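Notes for the one structure printed next.
Numbering (this note's numbering), first residue to last: 8 to 294.
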C-alpha cells in the first residue's frame, strides 16, 4: 500500500472545530496512537502531515516509529494573517515575521515548511475559491526564504494563476490544485513540483447532501481530467487524501484516493504514484 502524503492528524473527517477543540489544551495520546495503529494495520507506513498550531502532528511524528511509520511534519502551516489558514496554523504580517516562523518550525522539529497561498474550493459555487490568493511576488519570497533555510515547501494552492506562480518559484509540492487551466497543468508536468491532487476531498462529498452534486461532479471531472493530462505529460503525482478533512477519514481516505487516482490515470497509476511518493520521501526532510 502507498503512503498518504497529506493528512491532518488533529482532524477527524467530521467537524474541524470540534476536532481541534478536543486537542487544543492537550494532545489526546490515545486517539493519536489509535490512528497510527489503524494506518499500520492497513499497511500504510509513510505519512506526511499538514501540521497544526497545537502540536498534535508533531507528537504523532515523535511516536510514529513505534508503529513502523515514517512520519513527516511541518510542525504547523503558515498563512498570511487575514487570509485562509488561521483556523489551523500560525500567521504573519511581514516577511520578517514569516522568517521568524520558519525558524520556530525548525526549533519544533519540522521536516519541511507548509504555506497557505490560496483559499479553498467553494463547494457551493463552481469555479469559485474562498479567500484572496497571495501575490506572486510574495509567494516567490515565501518559497525562497524556506529554501534558503534548507526546507522543502508544501503549498496549499488552488487556482491556475496561484499554482503557476508557485511552480515558477520552485515550490516542491502543490496540494489540491483545483481549477487548473491547460497552461498550469503543462507547467506542473514540466517542472520538478510534485502534485498531490486530493481527489477524495471532492469525490467523497458527492451524494452526501451537504453540497450540490451539480457543483461537485463537474469539479471532480475537471480535477480527474487534469490529473490524467498531467500524468500523460510525465508529471510527478503523489497520493494524498487530506485525511481529517470533511468526509475523509483516517486510513480509509488513502484507499479512497487511490481509487480516484486509478480511475484518472489508468494502468500507469502504481508506477507514477511510487515515483511521486519516493520523491516526497527524499525531498521533504530538512537538509
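From the three backbone atoms N, C-alpha and C, an ideal C-beta is built for every residue, glycine too. Fair warning: this is a prediction, and the values are worked out from it, not measured in the lab.
Let's test the definition: count the other Cβ atoms within 10 Å of the Cβ of residue 97 and tell me whether it reaches 16, buried, or not, exposed.
buried
Could you check where the alpha helix (DSSP H) with residue 21 kicks off and where it finishes?
No alpha helix (DSSP H) holds residue 21; DSSP gives it neither H nor E.
Indicate whether at least one CB of chain D lies closer than 8 Å to the CB of residue 33.
Given the protein chain composition of this structure (a single chain), no chain D is represented.
Using a Cβ-Cβ cut-off of 8 Å (strictly less than) and excluding sequence neighbours within five positions of residue 77, which residues of its own chain qualify?
10, 52, 53, 54, 71 and 288
Backbone CA spacing between residue 188 and residue 272 [nearest angstrom]
18 Å
Mapping the DSSP letters down to three states, classify residue 74 as helix, strand or coil.
helix
Excluding the five sequence neighbours on either side, which residues of its own chain have a C-beta within less than 7 Å of the C-beta of residue 29, listed in chain order?
35
Tell me the rounded alpha-carbon separation between residue 169 and residue 38.
36 Å
Please work out which residues of its chain come closer than 8 Å, Cβ to Cβ, to residue 286, disregarding the five sequence neighbours upstream and downstream, and give them in chain order.
201, 243 and 245
Got a sec? Which residues, its chain only, sit under 8 Å from residue 88 by beta carbon, not counting five neighbours each side?
98, 99 and 100
Tell me where the alpha helix (DSSP H) around residue 128 begins and ends.
According to the DSSP assignment, residue 128 belongs to no alpha helix (DSSP H), since it is labelled neither H nor E.
Anyone know if the C-beta pair for residue 131 and residue 218 falls short of 8 Å?
yes
Specify, as a first and last residue, the run of the alpha helix (DSSP H) that residue 145 falls within.
Unbroken alpha helix (DSSP H) run through residue 145: 143-155.
Beta-carbon spacing of residue 167, residue 181 below 8 Å
no
How should residue 139 be labelled, buried or exposed, when 16 other C-beta atoms within 10 angstroms of its C-beta is the threshold for buried?
Result: exposed.
Sorted by chain position, which residues of the same chain lie with C-beta nearer than 7 Å to residue 283's C-beta, five sequence neighbours on each side aside?
201, 243, 244 and 245
Report the three-state DSSP secondary structure of residue 84 (helix, strand or coil).
If DSSP states are grouped into helix, strand and coil, residue 84 belongs with the strands.
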